[in-house]
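Numbering (my numbering), first residue to last: -18 to 178. In what follows, a single structure is set out as structure tokens and then discussed.
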Ligand code: SF4
């Protein structure tokens, strides 16, 4: 357990603000011993001040990404505060990697709060239907999770300039039906490589 609130991969800096997540995806990097090469298990979630201190001067990075071993939007208030500050100080380009379920879990609208603060939202689509999603993601929201995530993707277009739906290329997974969903929603589609140990 530690306090790695920020880490760097290439020209991006990642902010690790929570380990909480309503899902238990079979391909989750949390299940992978090597992970991303950093110990991202937190013994305490950072405050906005701690996240800002860990990020430091981000002007050299192409993007600041909220992610973590968990669902960052469960802490949308921290994201809001940190993103606003990083924009004011460094005109940072802000992205959130999300499973798109925080609004359903917290039972409140979050997206309107992010308008003007977040440039890109990357939502894990992960499947082409509710049954497949349930099989892969084991969400505590059950099979309804898939529809919550899709609604979140639709609503994201109203508040965030760039919306991306992504799937993980796990063996035997056909990404084409998922690509169609992204096309129908009018958002970008991305296939992420499966990280193996
Ligand atoms: S939604 Fe993301 S953090 Fe949560 S279990 Fe799935 S891959 Fe892991």
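Quick reminder that beta carbons are idealized off the backbone N, C-alpha and C, glycines included. Here the structure is a predicted model, which means the values were calculated and not measured.
Residue 8 to residue 77 span [Cα, whole Å]: Cα to Cα, the separation comes out at about 19 Å.
Proximity test, residue 103 beta-carbon vs the ligand SF4 heavy atom, cut-off 7 Å: Because no heavy atom of the ligand SF4 lies under 7 Å away, the Cβ of residue 103 does not count as near it: no.
Contact check, residue 129 vs residue 139, beta carbons under 8 Å: Result no, Cβ atoms of residue 129 and residue 139 do not sit closer than 8 Å.
Cross-strand partners of residue 74 (DSSP beta bridge): Here residue 74 is not bridged, per DSSP, to any residue.
Pick from 155, 67, 53 and 142 that is closest to residue 4, judged by C-alpha positions: 53 is the residue among 155, 67, 53 and 142 whose C-alpha sits nearest the C-alpha of residue 4.
Under the three-state DSSP convention, the category residue 141 falls into: In the three-state reduction of the DSSP assignment, residue 141 falls in the coil class.
Contact under 8 Å by Cβ, residue 147 with residue 116: No, the Cβ-Cβ distance between residue 147 and residue 116 is not below 8 Å.
Range of the contiguous alpha helix (DSSP H) that encloses residue 173: Unbroken run through residue 173 is the beta strand (DSSP E), 169 to 174; no alpha helix (DSSP H).
Inter-residue spacing [alpha-carbon to alpha-carbon] between residue 56 and residue -1: When the Cα atoms are used, residue 56 and residue -1 turn out to be separated by approximately 8 Å.
Same chain, Cβ closer than 7 Å to residue 43, neighbours up to 5 away in sequence not counted: Closer than 7 Å at Cβ, skipping near neighbours: -8, -7 and 74.
Cβ neighbours of residue 173 in the same chain (closer than 6 Å, five flanking residues each side left out): Result list for residue 173: 147 and 149, in chain order.
Expected contact under 8 Å - CB spacing of residue 24 and residue -17 to nearest Å: So it is a contact: roughly 7 Å between Cβ atoms.
For residue -3, the residue or residues it bridges with in DSSP: Looking at the DSSP assignment, residue -3 forms a beta bridge with 48.
Residue -13 in three-state terms, based on DSSP: Strand, per DSSP.
Expected contact under 8 Å - CB spacing of residue 134 and residue 81 to nearest Å: That belief holds up - the Cβ atoms of residue 134 and residue 81 are roughly 6 Å apart, short of 8 Å.
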